Amino acid sequence: MSRPIEDYALLGDGETAALVSRGGSIDWLCWPRFDGSACFAALLGTRGNGYWSIAPTGAVVRHARRYQPDTLVMETDFDVRDGEVRLIDFMPIGNGPSSLVRIVEGLRGVVKMRSQIRLRFDYGALSPWITCVDDTVQARVGADLVVLRADVDLQPDDESIEASFEVAAGARVAFVMSHGLAHESAPQPPDPETALVATQRYWREWIGGFDDSRTAWPAAVRRSLLTLKALTYRRTGAIVASPTTSLPEAPAGELNWDYRYCWLRDTSFALVALLNAGFQKEARAWRDWLLRTIAGSPEGIRVMYRVDGDRHLPERSVDWLRGYRYARPVRVGNAAAAQHQVDVLGEIIDCLDVARRGGLSSTNHDDVIEKRIVDYVAQVWNTPGSGIWESRSAPRHYTYSRVMAWVAIDRFIAHRATNAHPGEPEPHERWRALRQTIHDEICREAWNEGLGTFTQSYGDEELDGSLLLMPLVGFLPADDPRMASTIATIRRELSDDGLIRRRKKSPNGPNEGVFLACSCWMADCLHMQGRDAEAREQFERVLAIANDLGLLAEQYNTEHRQLAGNFPQALTHLSVINTALGLCGPTLQRGGG
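Under my numbering, the sequence shown has 419 at position 214, and the numbering climbs by one with no breaks.
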């Protein structure tokens, strides 16, 4: 059976990311980018679909792992009968080829080790042509070239590349795997020891920009920031939702989606987190990527994009992969990109508002884009859509989508009223009237008097965790009687072991796990109501289920006590950052302040 999701650690270089297990096996890696084809796909299949394991040949009696402080350099210690070794894993950051570096360091005695590599491109389907060239082993298939260099003899065949070796105390054995293009000269792998020092320095200098005194949970914030940075494509500043696809939300179910793309819905969450944590450079890069990506007609704005701004994400099933713990299908691409989701338009306008209030300079171009979008919102705000959770059922009038349409108009009015250009009148009364119309409709149509709560969509009786965002974006105060009743109802009806689901369990199943971002939003709402002790308790429930490295997935299965969904997940870590900072002092808020 596949390892639990929490058994994995994240490695990253700002181009792509890898997942390495507690046992020293890299079971997921896409090259050359986050959204590239996987060459190690054992995570979603079997070892026959690609992996790279380095481990002792003898029985391991004890092992431990950790990130080197303030880095994404991973250490795994293996204690065997004859001694102890440390495996150091990282991806160098720089101008060279995207690479994996693995260093085995002897700590005690003499330990027999084995490295086993099975490269399988196109998500585990294609075996490469493996050749020995000088002191390297090279694997080619299609456009991809992988070059492997090691301090020990490599033994390649048509199926795999292996090495058996011994490591004595004080000795170090390095392996370097680099990616290139098959039609170009082979990439020059970096020197492993030089790359290690440079990578340690890079991560520590970057996270050094965060002030620990801003929060009562500095370790959690630092790890979340490092994770967010690792999920940022350094060439464009775009942030992927996760480095993985198809890790299931429900055990052995079909709720398996490709998250290796950039959701516009995450823009405001990300901007608030980066600005409050003091990372203006990254916030500006994210905002600029957004503006480049959505340039043009508002009608063409997508829900998500690739890291380079490409809008084409055709969805297909990878039928030869059995899925994580037999959860099928394994999907590549995401059909939700083309859905009609009005809330995304509000997220963009909210992002531009947060950027301005956070000190990021804007241009007339920003204003032009903003005006085009709000004009479009005025046309489509009352149309049904797929909603924040990207339902693939019939379109509905989702409450959160309406709220974000209101946000778009509200932020536009605020900006034009306080930043009008010379000779430009204040916002026309029609915009104020439209804002009021939308607000009145939501309060009338989304409110269920019998239940005493707002509901997921107009006219239904379903609760929804996204309703917790209503006070966070400034639609209603958290202590407004209607909002207070909604928060209390969600806390009572959607709570599972103290964590919050985004919707009620289905009696017919399969049921997804609790949604960790919703649990953070609940803490934010409690804080806004002045219930700080309860807010902290709620937030610490989220922190308590992180794995031993501080990493979190999208969801958590309370029955099996395991993380669920794609891992690690940007929105979860963004929510951790925002809540950890917001509970401890004044911060920039989406709803103002």
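For glycine and all other residues, C-beta sits at the position ideal for the given N, C-alpha and C.
Being a predicted model, the structure only gives us computed values, none of them experimental.
Start and end of the beta strand (DSSP E) containing Asn762?
Gln760 to Asn762
Could you pull out every residue in the same chain whose Cβ sits closer than 7 angstroms to the Cβ of Pro394, ignoring the five residues on either side in sequence?
Ser304, Val352, Arg354, Val381 and Ser383
Taking only the alpha-carbon atoms, compute the straight-line gap between Leu779 and Ala446 and give it to the nearest angstrom.
10 angstroms
Taking only runs of the beta strand (DSSP E) that begin and end inside the region 242-284, which ones reach a length of at least 3 residues, in chain order?
242-245, 256-261 and 265-272
Rounded to the nearest angstrom, what separates Thr642 and Tyr663 at their Cα positions?
15 angstroms
Measure from the C-beta of Ala355 to each C-beta in chain B and report whether the shortest distance is under 7 angstroms.
Absent from the structure: chain B. Only one protein chain is present.
In chain order, what residues of the same chain have a beta carbon less than 8 angstroms from the beta carbon of Asp363, not counting five sequence neighbours either side?
Ser332 and Ile335
Throw me the rounded Cβ distance for the Lys317 and Gly375 pair, which I believe falls under 8 angstroms.
At roughly 17 angstroms, the Cβ-Cβ gap does not stay under 8 angstroms, so Lys317 and Gly375 are not in contact.
Tell me which same chain residues have a C-beta within less than 8 angstroms of the C-beta of Arg637, skipping the five on either side of it?
Ile618
Using the rule of at least 16 other Cβ atoms within 10 Å of the residue's Cβ for burial, across every protein chain shown, is Ser473 buried or exposed?
buried
Can you name the residues that DSSP bridges to Gly311?
Val290
Coarse secondary structure for Glu389, derived from DSSP in three states:
coil
Short Cβ contact (7 angstroms threshold) for Arg707 with Cys725
no
Measure the C-alpha to C-alpha separation of Gln343 and Leu350 and round it to an integer number of angstroms.
7 angstroms
Residues near Pro519 in its chain [Cβ-Cβ closer than 7 angstroms; skip 5 each side]
Gly538
State the Cα-Cα distance for the pair Asp684 and Cys648, rounded to the nearest angstrom.
15 angstroms
Please name the residue in Gln661, Ile506, Ser226 and Ala443 whose C-alpha comes closest to that of Arg489.
Ala443
Taking the continuous beta strand (DSSP E) assigned at Trp236, which residues delimit it?
Ser230 to Trp236
Quick test of your reading: Ile298 and Asp218, contact by CB under 8 angstroms. State the CB separation rounded to the nearest angstrom.
5 angstroms
Taking 7 angstroms as the threshold (C-beta atoms), are Thr623 and Phe659 in contact?
no
Rounded to whole angstroms, what is the Cα-Cα separation between Gly228 and Ala260?
7 angstroms
Straight-line gap, Asp339 to Ala391 (C-alpha atoms, nearest Å)
12 angstroms
According to DSSP, residues forming a beta bridge with Lys317:
Glu371
Thr420 burial status per 10 Å Cβ neighbour count (16 or more: buried)
buried
Take Val608 and list the residues in its own chain whose beta-carbon comes closer than 8 angstroms to its own, dropping the five residues that flank it on each side.
Asp548, Gly551, Ile647, Leu674, Met675, Val678 and Phe680
Do Gly288 and Arg267 come within 7 angstroms of each other at the CB atom, strictly closer than that value?
no
In chain order, what residues of the same chain have a beta carbon less than 7 angstroms from the beta carbon of Gly483, not counting five sequence neighbours either side?
Gly414, Phe415 and Asp416
Taking C-alpha atoms, which residue in Pro237, Ser226 and Phe295 lies nearest to Tyr256?
Ser226
Does the ligand SAM have even one heavy atom less than 6 angstroms from the beta-carbon of Pro394?
For the structure depicted, the ligand SAM is absent and the ligand set is empty, with no information on it obtainable.
Neighbour-count burial assignment, Ala738, 16 or more Cβ in a 10 Å radius:
exposed
Do you know offhand how far Pro773's Cα is from Asn461's?
15 angstroms
Locate the alpha helix (DSSP H) running through Arg409, then write down its first and last residues.
Pro397 to Ile412
How about Phe802 and Ser451: do their beta carbons lie closer than 7 angstroms?
With the chain running from 206 to 798 in the structure shown, residue 802 is simply not present.
Measure the C-alpha to C-alpha separation of Glu717 and Leu731 and round it to an integer number of angstroms.
25 angstroms
Just list the residues that DSSP pairs Phe239 with in beta bridges.
Partner(s): none; Phe239 has no beta bridge.
Span separating the alpha-carbon of Ser502 from that of Asp615:
21 angstroms
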